[in-house]
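J.: Using the working numbering, read the sequence shown as starting at 6 and increasing by one per residue. Ideal placement from N, C-alpha and C gives every residue a C-beta, glycine not left out. Next up is a structure, given as structure tokens.
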Amino acid sequence: MIDETDILRLSAISPRAESGIKRIVSNLLNPTERPTDEFVGHTALLIAQHKEMLKDPDRVAATVSTIFTIMFDTLIYSPRANQGELYELLALTTHMPILDNNHVSQKMLGILCNYLESGPLSTAFYAKLQRLCIYMEISHFEAAKSLIVEIQEDLDKQSFESQVLFRVCKLRLLDHQNNKRQKFIEYLSLIVDVLWESGPDAAIFVLLSWFCQVNYLKNSKYYEMILGSVYKNLKNKPGLNMVTAGYALFNLDDHRIDVNTKNSIYRTLLAYGGDFMGSMHLHRLHLYAGQNSEFDAVNFYHSVQSFKDSNVHIQRCWEKVIKMSAFLRQHCSPLEYKISMVFLENKVTELSNQNTVRNELFVENIRNNYQKIEYLYNEVDELSLTDALTGLKNRRFMDNNLMQIFALIARHRTQITFAMMDIDWFKKVNDKYGHSAGDQVLRDLAEIFTNFFRKSDIIIRYGGEEFLAILFDVGEKSEELLEGLREKIQKKSFIYEDKTIKITISIGWRLSLISDHVGFELIDKYINEADKALYRAKNEGRNRVVKYVEDKA
6 MIDETDILRL
16 SAISPRAESG
26 IKRIVSNLLN
36 PTERPTDEFV
46 GHTALLIAQH
56 KEMLKDPDRV
66 AATVSTIFTI
76 MFDTLIYSPR
86 ANQGELYELL
96 ALTTHMPILD
106 NNHVSQKMLG
116 ILCNYLESGP
126 LSTAFYAKLQ
136 RLCIYMEISH
146 FEAAKSLIVE
156 IQEDLDKQSF
166 ESQVLFRVCK
176 LRLLDHQNNK
186 RQKFIEYLSL
196 IVDVLWESGP
206 DAAIFVLLSW
216 FCQVNYLKNS
226 KYYEMILGSV
236 YKNLKNKPGL
246 NMVTAGYALF
256 NLDDHRIDVN
266 TKNSIYRTLL
276 AYGGDFMGSM
286 HLHRLHLYAG
296 QNSEFDAVNF
306 YHSVQSFKDS
316 NVHIQRCWEK
326 VIKMSAFLRQ
336 HCSPLEYKIS
346 MVFLENKVTE
356 LSNQNTVRNE
366 LFVENIRNNY
376 QKIEYLYNEV
386 DELSLTDALT
396 GLKNRRFMDN
406 NLMQIFALIA
416 RHRTQITFAM
426 MDIDWFKKVN
436 DKYGHSAGDQ
446 VLRDLAEIFT
456 NFFRKSDIII
466 RYGGEEFLAI
476 LFDVGEKSEE
486 LLEGLREKIQ
496 KKSFIYEDKT
506 IKITISIGWR
516 LSLISDHVGF
526 ELIDKYINEA
536 DKALYRAKNE
546 GRNRVVKYVE
556 DKA
């Protein structure tokens, strides 16, 4: 429960005014008798007019804060039961537009299927909702306004849950417009509707969304006090509401929240918030841990790892921008697509700035830890030449180093095995168990490769679930060696949380004799031929080792 006496003590609001607000809220959120739309609209209008009559900004902020706290306390102790899947579905609004196949989006789309006339991805309404979210994300507000009018024409045909998703998106547009009265009326109406159709949890999410978007309140003395109380109330109930309040609190300027509280929220969000935050939110969390020397002063490695993790999520943001462009090209007229690209360019600039900030903070972190510079230099080198997920060498390492390595061994007429390895049906692992499980399989598989091959061999994550092994002086024994690796992986049980995952791999390999200087063209040829052998292994049934045989035709 939020301590309303703190608000009264800090503000000019009178006990009489507080009593009036309690009476209004009690009627609005009555658990036994649903108020009419006319009553909700009339009440919201009266409150909005009252706020506009107050000349003192502090009294306005105090009034809004009191309204929120009384509504929150009423909802959190509401006897109405939560029903349906709307609360879970509302997590979709933090991920939209959904343009990839991660486990969170698949889970949400599965729920949404229950409320659409056909699958979400083939539904015109859902496609328009996706486009609306893209317009909002790239700040193309004029296009968003026009699309809202178009969607509203058929809104009555949609399920209540689909309508709520749209209304939440529409309210985000109102957040960018200066119609405070209309925004407040629509938020209040949505809170009442959601309470009656779904229950208090979903209604609290809408209430939090409104509170976090009241711009004039964000700079007041009440904002962090109320958020802190809400977060404390919800901390033992991990879910969308806890994460929404926690991230808003975490996102406050440093002078408004002490570092110990911020570090505690960081750990909680990282532990429970992955499914409820987008890649940009997760990027900022990891970036905070990477730059904050007080966060883990005794473990500098943690700081470096946090920068790596932030890099993974910023990369996913880049991928999302590319997919947004493709989606708009498919669903917009050529003229509208051309106009939208101007706004999308601003998104690209924003991501570029984020990347620049990240790099600058990383460099600053190096300077602040000068005594560990030798260790950090190795970490920076690894960061640029190794894959962030698996720790194996990446394509950049291959491009930068293979020529020099081959030049050194050419004089010894060395046999080199190029082996392309690919996980069979890896998409099914991601679809069934989620991308986090898939990432864990990739990490465990990389560890198997590292322990199985010699330190002198080179193992590269070539892309996705495909790996390249470059083995020296194994010769014709490569077949036996790679077959042993295939069998080892086939017998291995990969564990993620309480789930056991079985996989197999296909391998294509090519034996080459390096006896003279080689160029990139020849290296690419050998790798492509190993890839052709891998393609044969896939076509012949997977889970096998196939050697490349030159076409003698």
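Thinking C-alpha only, which one of MET247, GLN445, GLU555, ASP159 is nearest ASP503?
T.: Selected option, being the one with the closest Cα: GLN445.
J.: Suppose only complete runs of 4+ residues qualify. What are the alpha helix (DSSP H) ranges in the region 226-292, listed by chain order?
T.: Segments of the alpha helix (DSSP H) lying fully in the region 226-292: 228-239, 245-255, 264-277.
J.: PHE472 by DSSP, collapsed to three states: which one?
T.: Looking at PHE472 - three-state DSSP - the assignment turns out to be strand.
J.: My parser needs the beta strand (DSSP E) runs of 3 or more residues fully inside the region 20-101; what are they?
T.: Those beta strand (DSSP E) runs which fall completely within the region 20-101 and span 3+ residues do not exist here.
J.: Starting from ARG541, follow the beta strand (DSSP E) in both directions and report where the run begins and ends.
T.: Run containing ARG541: none in the beta strand (DSSP E); it sits in the alpha helix (DSSP H), 525-544.
J.: Starting from THR395, trace the beta strand (DSSP E) both ways and give me its first and last residue.
T.: Neither: THR395 is in no beta strand (DSSP E) and is coded neither H nor E.
J.: Could you give the first and the last residue of the continuous alpha helix (DSSP H) run that contains THR455?
T.: Its alpha helix (DSSP H) spans residues 440-457.
J.: How big is the Cα-Cα spacing for ALA561 and TYR228?
T.: Given that the chain is displayed from residue 6 to residue 558, the structure contains no residue 561 and the question cannot be resolved.
J.: If we ignore side chains and look at the alpha-carbon of each, how far apart do PHE332 and SER151 end up?
T.: Approximately 18 angstroms between the Cα atoms of the pair.
J.: Under three-state DSSP, which class holds ALA302?
T.: Because ALA302 carries a pLDDT of 46, less than 50, the predicted location of this residue cannot be relied on, and the following value inherits that uncertainty. The answer is coil: DSSP assigns ALA302 none of H, G, I, E or B.
J.: Helix, strand or coil, according to DSSP, for LYS150 in the structure here?
T.: Helix at LYS150.
J.: For PHE332, list the residues DSSP reports as bridge partners.
T.: Partner(s): none; PHE332 has no beta bridge.
J.: For GLN163, I'd like the list of residues in its chain whose CB is within less than 7 angstroms of its CB, leaving aside the five on either flank, ordered along the chain.
T.: Cβ within range, chain order: PHE130.
J.: Quick check: the Cα distance between SER167 and GLY115, rounded to an integer number of angstroms?
T.: About 13 angstroms.
J.: Which residue comes first and which comes last in the alpha helix (DSSP H) that contains TYR501?
T.: Here TYR501 belongs to no alpha helix (DSSP H); instead the beta strand (DSSP E) covers 499-501.
J.: Please report the distance separating the alpha-carbon of GLY439 from that of HIS100.
T.: Distance between the alpha carbons of GLY439 and HIS100: 16 angstroms.
J.: Which class does GLY489 belong to by DSSP, given the choice of helix, strand or coil?
T.: In the structure shown, GLY489 sits in a helix (DSSP, three-state: H, G or I).
J.: Do ALA86 and GLY204 have their beta-carbon atoms positioned less than 8 angstroms apart in this structure?
T.: Against a cut-off of 8 angstroms, the Cβ pair of ALA86 and GLY204 comes out as a contact.
J.: Using C-beta distances below 7 angstroms, list every residue in its chain close to ILE26, excluding the 5 sequence neighbours before and after it, in chain order.
T.: Excluding residues within five positions, the ones whose Cβ falls inside 7 angstroms are THR71, ILE72, ILE75.
J.: What residue range does the alpha helix (DSSP H) around TRP215 cover?
T.: Per DSSP, TRP215 belongs to the alpha helix (DSSP H) from 205-217.
J.: With distances taken from CA atoms, which of ASP180, ILE512, LYS552 is nearest SER144?
T.: Here the closest residue by C-alpha is ASP180.
J.: For ARG400, list the residues DSSP reports as bridge partners.
T.: Beta-bridge pairing links ARG400 to no other residue.
J.: Distance, Cα to Cα, VAL45 vs ASN246?
T.: Distance between the alpha carbons of VAL45 and ASN246: 24 angstroms.
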